[in-house]
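**Q**
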Ligand code: KG4
Ligand code: ZN
């Protein structure tokens with residue numbers, strides 16, 4: 001089976017083709033225009049998707065060496081995400097599906113992040129614990145089987161990716177903030193600044209990152225213009241506060257669930273300190289991450305999950321809507 005995937009939920013315009021579980025091509029354009037504003041501007045994102053999508057899809061077909069006429073179905077992100085951005089992808093997918101006379105399936109972006117782990121390891125077995133850490137979400141899920149997900153804990157305020165992005169902005173770094181803070185942290189001492197960690201009381205699986213961001217702001221404000229502050233030390237300490245909190249909660253979730261496999265999903269899964277600390281902390285748990293290129297937003301994961309769903313008795317119905325606040329369960 002050949003599935004075309006389309007992803008336009010935020011600021012990546014992306015298309016990919018999956019054939020029988022194998023990614024044949026994955027093309028992505030990160031909208032660097034948002035760097036000018038220090039964050040994603042929704043209207044600008046929609047306009048960029050509209051401008052770029054046709055060329056990205058065409059390039060995907062060329063790279064995969066597959067004809068449009070050979071595609072069996074189209075998978076497209078219909079939430080969560082920015083309304084205008086989602087609409088561009090969904091409208092494009094429906095039009096293309098109608099033109100080619102093939103079915104179109106709506107895909108939950110969060111579910112696709114999780115299933116990117118099956119791309120990394122097709123032998124992955126249910127049940128497993130999943131730490132979902134992206135720009136908008138920080139949640140721990142118990143994944144029992146396809147479509148059967150139980151929420152174990154989530155953030156009360158900012159997501160971990162958001163904490164990286166806001167922290168980077170305070171430190172005068174670029175967007176997205178996660179990779180910027182990670183890069184700067186490499187030369188820093190992570191024990192230099194004792195940033196607070198919230199909701200660490202026994203057994204809690206909830207997160208809160210808004211206080212951390214505020215303490216970074218106060219910390220930076222406490223220096224006068226002439227005083228030297230080591231940004232690498234601050235970045236490394238800030239990263240450690242986020243990463244060690246995530247790892248502690250995952251450790252609890254694994255213990256509480258009794259499940260021996262844990263996967264990480266979403267953009268923050270690309271963070272090397274998180275990967276290393278999780279492996280060091282949960283030595284007797286199978287820990288899985290998607291390939292680096294498939295941690296952050298991409299259409300390969302959309303095409304991949306689309307194929308799985310098409311094979312699960314999917315009925316074509318083009319009346320599906322976009323859901324900016326779509327939940328996983
Ligand atoms: O999954 P994603 O690409 O988009 C959403 O669905 O939100 O996640 C983006 C988030 C951003 O907040 C970004 O700063 C963060 O993932 N991120 C990272 C890294 N790469 C991306 N955070 C920490 N370390 C990284 N290497
Ligand atoms: Zn995402």
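Numbering (this note's numbering), first residue to last: 1 to 329.
Built from N, CA and C at the ideal position, the CB exists for glycine as well.
1. Just to check, is the beta-carbon of residue 297 closer than 8 Å to a non-hydrogen atom of the ligand ZN?
2. So does residue 182 have its beta carbon nearer than 8 Å to some heavy atom of the ligand KG4?
3. When you compare only the Cα positions, how much space is there between residue 131 and residue 60?
4. Helix, strand or coil: how does DSSP classify residue 222 here?
5. Could you have a look at residue 63 and say whether DSSP puts it in helix, strand or coil?
6. Apart from the five residues just before and just after residue 231, which ones in its own chain have a Cβ nearer than 7 Å to its Cβ?
7. Taking Cβ positions, are residue 320 and residue 42 nearer each other than 9 Å?
8. Using the rule of at least 16 other Cβ atoms within 10 Å of the residue's Cβ for burial, across every protein chain shown, is residue 80 buried or exposed?
9. In chain order, what are the residue ranges of uninterrupted beta strand (DSSP E) at least 3 long that sit wholly in the region 234-289?
10. Count the other CB atoms, across all protein chains shown, that sit within 10 Å of the CB of residue 274; report buried if there are 16 or more and exposed otherwise.
11. Quick check: the region 158-167 against the region 259-275, are at least 3 beta-carbon pairs closer than 8 Å?
12. State yes or no: is the C-beta of residue 14 within less than 9 Å of the C-beta of residue 4?
13. Any idea if residue 191 is buried or exposed, counting beta-carbon neighbours within 10 angstroms, 16 or more meaning buried?
14. Taking the DSSP output, what are the residues bridged to residue 143?
15. Alpha carbon to alpha carbon, how far is residue 26 from residue 179?
16. Once the 5 residues before and after residue 165 are set aside, which same chain residues still bring their CB inside 8 Å of it?
17. Would residue 156 pass as an interface residue toward chain B - the criterion being a Cβ-Cβ separation below 9 Å?
18. What do you get for residue 214, buried or exposed, if any count of 16 or more other CB atoms within 10 angstroms of its CB means buried?
19. Going along the chain, which residues of its own chain have a beta-carbon closer than 7 Å to the beta-carbon of residue 50, five neighbours each way excluded?
20. Please report how far the alpha carbon of residue 36 lies from the alpha carbon of residue 322, in whole angstroms.
21. How far does the alpha helix (DSSP H) with residue 303 in it reach, from first residue to last?
22. Measuring straight from C-alpha to C-alpha, what distance separates residue 82 and residue 254?
23. Which residue from 115, 12, 242 and 186 puts its Cα closest to that of residue 21?
24. Should residue 298 be labelled buried (16 or more other beta-carbon atoms within 10 Å of its own) or exposed?
25. Look at the alpha carbon of residue 220 and the alpha carbon of residue 129, and state the distance between them as a whole number of angstroms.
26. Check whether the Cβ atoms of residue 330 and residue 260 sit closer than 9 Å, and answer yes or no.
27. Reducing DSSP to helix, strand and coil, say where residue 192 ends up.
**A** Taking the coordinates as given:
1. Counted from its first residue, the chain shown places residue 297 at position 297. It does: the Cβ of residue 297 is within 8 Å (strictly closer) of some heavy atom of the ligand ZN.
2. Your numbering for residue 182 matches position 182 in the chain shown. Result yes, Cβ under 8 Å from the ligand KG4.
3. In the chain shown, residue 131 corresponds to position 131, counting from 1. In the chain shown, residue 60 corresponds to position 60, counting from 1. Roughly 30 Å separates the two Cα atoms.
4. Locating residue 222 in the chain shown gives position 222, where the first residue counts as 1. It is coil, neither helix nor strand.
5. As a working note, residue 63 is residue 63 in the chain shown. Helix, per DSSP.
6. Indexing the chain shown from 1 puts residue 231 at position 231. Hits under 7 Å: 171 and 184.
7. Position 320 of the chain shown holds residue 320. Position 42 of the chain shown holds residue 42. No, they are not a contact pair.
8. Here residue 80 refers to the residue found at position 80 when the chain shown is read from its first residue. Buried.
9. 261-265 and 286-288
10. Numbered from 1 along the chain shown, position 274 holds the residue referred to as residue 274. Classification for residue 274: buried.
11. yes
12. Translated into positions along the chain shown, residue 14 becomes position 14. Translated into positions along the chain shown, residue 4 becomes position 4. In this structure, residue 4 does not lie closer than 9 Å to residue 14 by Cβ.
13. To locate residue 191, count along the chain shown from 1; it is residue 191. Residue 191 comes out exposed.
14. For the purposes of this step, residue 143 is taken as the residue at position 143 of the chain shown. When DSSP reads this structure, residue 143 sits in a beta bridge with 128 and 149.
15. Along the chain shown, one-based indexing puts residue 26 at 26. Along the chain shown, one-based indexing puts residue 179 at 179. Approximately 21 Å, taken between the alpha carbons.
16. Translated into positions along the chain shown, residue 165 becomes position 165. Here the set comprises 39, 135, 175, 176, 177 and 178.
17. Looking for chain B here will not work: only one protein chain is present.
18. Counting from 1 along the chain shown, the entry for residue 214 is found at position 214. Classification of residue 214: exposed, given that the 10 Å Cβ count is below 16.
19. What you label residue 50 is simply residue 50 of the chain shown in a count that begins at 1. So the qualifying residues of the chain are 88.
20. Taking the first residue of the chain shown as 1, we reach residue 36 at position 36. Taking the first residue of the chain shown as 1, we reach residue 322 at position 322. One C-alpha to the other measures close to 28 Å.
21. Within the chain shown, the letter at position 303 stands for residue 303. Residues 300-310.
22. Here residue 82 refers to the residue found at position 82 when the chain shown is read from its first residue. Here residue 254 refers to the residue found at position 254 when the chain shown is read from its first residue. Across the structure, residue 82 and residue 254 are spaced so that their CA atoms are roughly 32 Å apart.
23. Here residue 21 is taken as the residue at index 21 of the chain shown, counted from 1. For the residues 115, 12, 242 and 186, the minimum Cα distance to residue 21 belongs to 115.
24. Locating residue 298 in the chain shown gives position 298, counting from the first residue. With 16 or more Cβ atoms within 10 Å of its Cβ, residue 298 is classed as buried.
25. Taking the first residue of the chain shown as 1, we reach residue 220 at position 220. Taking the first residue of the chain shown as 1, we reach residue 129 at position 129. Their backbone Cα atoms lie some 36 Å apart in a straight line.
26. Outside the displayed span of the chain (1 to 329) sits residue 330, for which this structure offers no information.
27. Stepping through the chain shown from its first residue, residue 192 is reached at position 192. Coil at residue 192, not helix or strand.
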